[in-house]
Amino acid sequence: MAFRFIHTADIHLDSPLRSLALRNPELAELVGDASRQAFVAVVDLCLAERVDALVIAGDLYDGDQTSMKTARFLASQMTRLHQAGVRVYMIRGNHDSMSRITKQLVLPDTVTIFGGRCQSVIQSGTAIDVAFHGLSFANPKAPESLLPKYAAPQEGAANVGIMHTSLAGSPGHDVYAPCSVADLHSHGFDYWGLGHIHLRQVYLGASTLVMPGIPQGRDINEAGEKSVTLVTIRDDRSVEMEERLT
4 MAFRFIHTAD IHLDSPLRSL ALRNPELAEL VGDASRQAFV AVVDLCLAER VDALVIAGDL
64 YDGDQTSMKT ARFLASQMTR LHQAGVRVYM IRGNHDSMSR ITKQLVLPDT VTIFGGRCQS
124 VIQSGTAIDV AFHGLSFANP KAPESLLPKY AAPQEGAANV GIMHTSLAGS PGHDVYAPCS
184 VADLHSHGFD YWGLGHIHLR QVYLGASTLV MPGIPQGRDI NEAGEKSVTL VTIRDDRSVE
244 MEERLT
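Okay, so the sequence shown: first residue is 4 according to our numbering, each after it adds one.
Here you go:
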């Protein structure tokens, strides 16, 4: 027996880059629709794989996104997951930290949106208990590491941390909640589900660290195949992962 979940981040629902919208409104609308299609594909994958959970590591949408059409779409997809028994664990990143959608949405009780203080939620009922640790951005700026605010690992459980971070920095990305790969490895969690950087990155060591990239590119500079990560935690707490194209 094992615990399985999908890990994704940086979906930016209905929010193509403003520069793209100014150059070509029709193309901007197409990219916006593509972000929805990508999220539906993620939910479809959760249902097809019969996973236990979906992890969203920040920037599901942008802070200036106020469309209730977007909110209704998101609620409908969360309801699909709820009806299939798939729990959702999500944090807010630098883009969606202040979103009014988050405050107005009514979501199923199987959806956990972590707040501005670290929370730990244990999901039981499988061969292994899994503790999810999450911390959302309280505002769009996070110049210091958030790692010291995360709880210690829960004994007797597999531990999954969810963090939106620029790590040590990446070309084309501003610095947000910076921390080193070595520090994440030393924290004692079994898996770190990261978000913010739009390119897939995997760091193996004492923990498994994954930046899943994005499920859908937002402009011409983000062309090519995109994906999410399917994670399997065995009852001995060993971690396996598989990239799944979206």
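The beta carbon of each residue, even a glycine, is placed where N, CA and C say it ideally should be. These numbers were taken from a predicted model, which means no experiment stands behind them.
Run of the beta strand (DSSP E) containing residue i, from where it starts to where it stops
i	result
Thr-11	5-11
Val-205	204-207
Ser-123	122-126
Which residues DSSP lists as bridging residue i, in chain order
i	result
Asn-276	With the chain covering only 4 through 249, there is no way to say anything about residue 276.
Arg-240	In the DSSP output, where bridge partners are listed per residue, Arg-240 has none listed.
Leu-56	Looking at the sequence itself, residue 56 is Ala, so the reference to Leu does not match. Note: Ala-56 sits in a beta bridge opposite Phe-8, Arg-90.
Gly-198	His-167
Glu-246	Thr-232
Segment limits, alpha helix (DSSP H) that includes residue i
i	result
Val-213	Where Val-213 is concerned, there is no enclosing alpha helix (DSSP H), although the beta strand (DSSP E) it sits in stretches over 211-214.
Val-114	Note, Val-114: premise wrong, no alpha helix (DSSP H); beta strand (DSSP E) at 114-116.
Ala-185	184-189
Residue i classed as buried or exposed, judged by whether at least 16 other C-beta atoms fall within 10 angstroms
i	result
Ser-189	exposed
Met-71	exposed
Gly-88	exposed
Gly-159	exposed
Ile-14	buried
Glu-245	exposed
Gly-198	buried
Gly-164	buried
Gln-126	buried
Asp-62	buried
Ser-210	buried
Ala-185	exposed
Gly-118	exposed
Ser-241	exposed
Beta-carbon contacts of residue i that lie in its chain and below 7 Å, excluding the five residues immediately before and after
i	result
Phe-8	Val-54, Asp-55, Ala-56, Leu-57, Val-58, Val-234
Ala-171	Pro-181, Ser-183
Ala-37	Gln-219
His-201	Asp-13, Gly-216, Ile-217, Glu-225
Gly-208	His-188
Gly-96	Gly-61, Asp-62, Phe-140, His-167, Gly-198, His-199
Ile-94	Ala-60, Gly-61, Phe-117, Gly-137, Leu-138, Ser-139, Ile-165, His-167
Same chain, Cβ closer than 6 Å to residue i, neighbours up to 5 away in sequence not counted
i	result
Arg-237	Ala-5
Asn-162	Ala-134, Pro-156, Phe-192, Asp-193
Leu-149	Leu-138, Ala-180
Ala-130	Met-4, Asp-238
Tyr-206	Val-184, Leu-212
Spatial neighbours of residue i in its chain, beta-carbon cut-off 8 Å, leaving aside the 5 residues before and after
i	result
Lys-229	Ala-41, Gly-216, Ile-217, Pro-218, Gln-219, Gly-220, Leu-248, Thr-249
Arg-39	Leu-16, Asp-17, Phe-76
Thr-82	Pro-111
Lys-152	Arg-120, Cys-121, Leu-138
Val-46	Leu-57, Gln-80, Arg-83, Leu-84
Ala-78	Leu-108, Val-109, Leu-110
Residue i: CB within 7 Å of a non-hydrogen atom of the ligand GDP
i	result
Gln-219	As for the ligand GDP, it is missing from this structure, which has no ligand bound.
Spell out a yes or no on whether the region 143-159 and the region 108-117 are touching, meaning 3 or more CB-CB pairs, one atom from each, closer than 8 Å.
-> no
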